[in-house]
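Worksheet: the structure to be examined is printed underneath.
Numbering (our numbering), first residue to last: 15 to 311.
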């Protein structure tokens, strides 16, 4: 069974900056792959209107199973919408997904044949920061989300609203949900009864679970924002899955594609990101070919 994995299509921004046919071109490219399962791990668009536009276009897809895990852009709301991001994640996005026949992984795992696919967005707790700057940057400065060197802002400051929760509390919220999913399907090391009906566990998150997928360049203008890339707590949760199963982690957010499959956990960071960001002026099909991966599960 072939699983098509991608993250961070940012269809709103890429349609505006690169090509108005971005969404339709993406749909056609996915159809040409003739995969069985499509998994998108977040950052489709930063507004509900644009998300719905994407999902409407997705009715043209011929892939049988469509799975979705949101990213931080997908849960952006008006800053005055108290706890709006959590409400969007738990109530609004699942309803939109169901309307267009997508499986919303944060609600329930997707299980088919001998494969279980679970997904939660995750968040950041500054554990992916460049610790070389700990002598000059404290957690309060990261929580402010304004780079002290460049005065540039991490936009979750304005558009992500989880009420009074700190970033560490938001991270724990998602890691606890991921832990519960994995416990419910009995795949953790140390559980009394292992799930003998599956042999493969796929974990989809938006945020980066592993520190070796985070880029530090020892320049605060860049490395300040590395604090917002993910959390090692997500990776620790994945590593607790019993190695008797094939373990596959799929994620994005960082916009730096990287794949490591020579370890006991197969790790796929598969963002499309912003082609203009890296000076890519290639045809969209070539961009998609470079950034979307097919995994045989």
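Backbone N, C-alpha and C define an ideal beta-carbon position, used for all residues, glycine too.
Exposed or buried, residue i, counting other C-beta atoms within 10 Å across all chains shown (16 or more means buried)?
{"i": "residue 162", "result": "exposed"}
{"i": "residue 98", "result": "buried"}
{"i": "residue 223", "result": "buried"}
{"i": "residue 96", "result": "exposed"}
{"i": "residue 287", "result": "buried"}
Look at the alpha carbon of residue i and the alpha carbon of residue j, and state the distance between them as a whole number of angstroms.
{"i": "residue 112", "j": "residue 70", "result": "12 Å"}
{"i": "residue 49", "j": "residue 20", "result": "13 Å"}
{"i": "residue 164", "j": "residue 192", "result": "35 Å"}
{"i": "residue 310", "j": "residue 16", "result": "5 Å"}
{"i": "residue 257", "j": "residue 31", "result": "43 Å"}
{"i": "residue 280", "j": "residue 53", "result": "16 Å"}
{"i": "residue 147", "j": "residue 231", "result": "12 Å"}
{"i": "residue 265", "j": "residue 221", "result": "6 Å"}
Using a threshold of 7 Å, state whether the C-beta atoms of residue i and residue j are closer than that.
{"i": "residue 84", "j": "residue 56", "result": "yes"}
{"i": "residue 200", "j": "residue 207", "result": "yes"}
{"i": "residue 86", "j": "residue 170", "result": "yes"}
{"i": "residue 176", "j": "residue 100", "result": "yes"}
{"i": "residue 245", "j": "residue 141", "result": "yes"}
{"i": "residue 215", "j": "residue 282", "result": "no"}
{"i": "residue 308", "j": "residue 18", "result": "yes"}
{"i": "residue 272", "j": "residue 227", "result": "yes"}
{"i": "residue 233", "j": "residue 128", "result": "no"}
Residue i by DSSP, collapsed to three states: which one?
{"i": "residue 155", "result": "helix"}
{"i": "residue 28", "result": "helix"}
{"i": "residue 56", "result": "coil"}
{"i": "residue 281", "result": "strand"}
{"i": "residue 16", "result": "strand"}
Output the residue ranges of the alpha helix (DSSP H) runs that lie fully inside the region 229-266 and measure 4 residues or longer, sorted by chain position. With a minimum length of 4 residues, the unbroken runs of alpha helix (DSSP H) contained wholly in the region 229-266 fall at 234-237 and 246-253.
Within the region 104-138, ranges of the beta strand (DSSP E) (whole runs, at least 3 residues): Within the region 104-138, the complete beta strand (DSSP E) runs of at least 3 residues are 124-126 and 129-133.
Start-end ranges of the beta strand (DSSP E) lying completely within the region 66-107, minimum 3 residues: Entirely contained in the region 66-107, the beta strand (DSSP E) runs reaching 3 residues are, in chain order, 79-82.
Note down, one range per segment and in chain order, each alpha helix (DSSP H) of at least 4 residues found wholly within the region 150-229. Listed in chain order, the complete alpha helix (DSSP H) runs (minimum 4 residues) inside the region 150-229 are 153-158, 170-173 and 181-198.
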